[in-house]
Amino acid sequence: MKYRTIGTDPKTRREVSVLALGAMLFGSRTDEDTAFAVLDRYVEAGGNFIDTSDNYAFWTDGGQGGQSEELLGRWRRSRGIGDEIVIATKLGARPLAPGTSYVDNAEGLSAKVIREAAERSRERLGVDRLDLLYAHIEDHEVSLRETVEGFAELVAEGTVGLLGVSNHAVWRVERARSVAAAAGLPGYEVLQYAHSHLRPRYDVPEDLFPDGSLGHAGPDLLGYLREEPGLTLVAYSPLLKGAYTHPDRLPADFDHPGTPARLRVLRDVARETGATVNQVVLAWQIGGPLPILPLAGVSSSAQLEENLAAVDLELTERQRARLDAAH
Ligand SMILES: NC(=O)c1ccc[n+]([C@@H]2O[C@H](COP(=O)([O-])OP(=O)(O)OC[C@H]3O[C@@H](n4cnc5c(N)ncnc54)[C@H](OP(=O)(O)O)[C@@H]3O)[C@@H](O)[C@H]2O)c1
């Protein structure tokens, strides 16, 4: 395994494995035995960066989520897991009532929600402190200052370590970080956005992001990352939810002329290296000039093995240049 530091403050920063494990569907679509086997193997291979959220996976049973955190709590207890494993979670997008969604009924990012939701997450996970807590989606009703101060209070109390943000317009991230810095408070240091080798169009409206695909790490976010060395991008859905293996799963926003060109180079490099396309994508993210940590979910141990092997796949400068340039 290889490792990378997330965060800058010596009191809260952590060394995490360059491949993060997504636990979104653990305890719902992925049964407990399979999830425990995957988690055990991930840790055995040196993995120590696991991702969940207080709302995973509400859409699988029409509830409010929490199954993933609860499963991780049971796994931690049964294995005697302590501080060595970094479990990141998120708040803000939990539906306020069963049968509803974050699209129009999310808990949001008020100071009260931040305090109460973080406490519930700590209970479900069975931890005194959340290693990394993200604001999951934007809240347009609450001021950025309230959100910034709400998170900072928990850091000051020691119940939260690092702060992160997901699916926010880059200007909001910058504004929130400025508000925090001006007040001498901790700000977001880990950015979680969708990112893979294939690039989406940004003009396909979604329910959640009516302005376009806000959840994707676009050129503005990557440029921000380049300017701010203290930030890390945690790249969610790096394998496009299995679409490299099952092309019928490719979402509509990837249906454009750039996709076949990038797929061609991915397949060429996979052939040259003897790796799979999934592995080339992950190795390209891990070994690039920007601090990008792929966060992949798996539904089996075999998928995990394939993804773990990508950590040791070294692409040549020439292969990387071809992957970068394809469009
Ligand atoms: N911040 C956010 O808003 C947000 C949004 C989405 C996800 N996330 C986080 O990111 C994590 C990963 O995201 P994701 O599950 O959407 O996308 P992903 O990691 O791109 O896709 C995971 C799926 O891809 C397939 N897969 C994985 N490895 C494979 C392999 N080696 N060969 C073939 N298929 C493979 C599996 O699908 P099958 O099970 O169908 O085989 C697996 O469930 C989540 O667990 C969650 O923690 C965050």
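In this note's numbering, the protein residues as written are 2 to 328. Even glycine gets a Cβ: it sits at the ideal position worked out from N, Cα and C.
Just the Cα atoms here: how many angstroms apart are residue i and residue j?
i    : j    : result
D221 : I287 : 20 Å
A170 : I138 : 10 Å
V174 : G109 : 16 Å
D1   : S238 : What is shown of the chain runs 2 to 328, which leaves residue 1 out entirely.
L134 : L164 : 5 Å
E71  : L131 : 14 Å
F27  : A36  : 6 Å
L296 : G185 : 30 Å
V104 : A94  : 8 Å
L294 : V166 : 15 Å
M2   : E142 : 42 Å
R176 : A119 : 23 Å
E147 : A21  : 30 Å
L251 : L199 : 10 Å
S348 : S111 : Because the chain is modelled from 2 through 328, residue 348 falls outside the range shown and cannot be assessed.
A276 : V149 : 43 Å
E228 : I7   : 16 Å
P290 : R321 : 11 Å
A38  : S300 : 11 Å
I82  : D129 : 13 Å
G188 : R272 : 43 Å
N308 : A236 : 14 Å
G216 : D325 : 21 Å
R121 : V266 : 45 Å
S332 : G151 : Nothing can be reported for residue 332, as the shown portion of the chain is limited to 2 through 328.
L234 : K12  : 20 Å
R15  : G231 : 12 Å
Could you tell me if the beta carbon of residue i falls within a distance shorter than 6 Å of some heavy atom in ligand 1?
i    : result
L1   : Residue numbering for the chain in the displayed model covers 2 to 328; residue 1 lies beyond these limits and cannot be assessed.
D52  : yes
A297 : yes
M25  : yes
L240 : yes
E307 : yes
T35  : no
T246 : yes
G243 : yes
N168 : yes
S300 : yes
N279 : yes
Q304 : yes
Q68  : no
Q286 : no
Y237 : yes
Q193 : yes
Our contact map puts residue i next to residue j with C-beta atoms below 8 Å; I'd like the distance itself, whole angstroms only.
i    : j    : result
M25  : Y4   : No, M25 and Y4 are not in contact; Cβ-Cβ is about 23 Å, not under 8 Å.
V17  : V87  : 5 Å
A218 : Y194 : 4 Å
R268 : V278 : 6 Å
G23  : R78  : At roughly 21 Å, the Cβ-Cβ gap does not stay under 8 Å, so G23 and R78 are not in contact.
H328 : G259 : 5 Å
A244 : L283 : About 14 Å; that fails the 8 Å criterion.
Notebook entry, point to check: Counting pairs of beta carbons, one from the region 249-258 and one from the region 314-326, are three or more of them closer than 8 Å?
Noted result: no
Check: Three or more beta-carbon pairs under 8 Å between the region 94-104 and the region 55-69, yes or no?
Finding: yes
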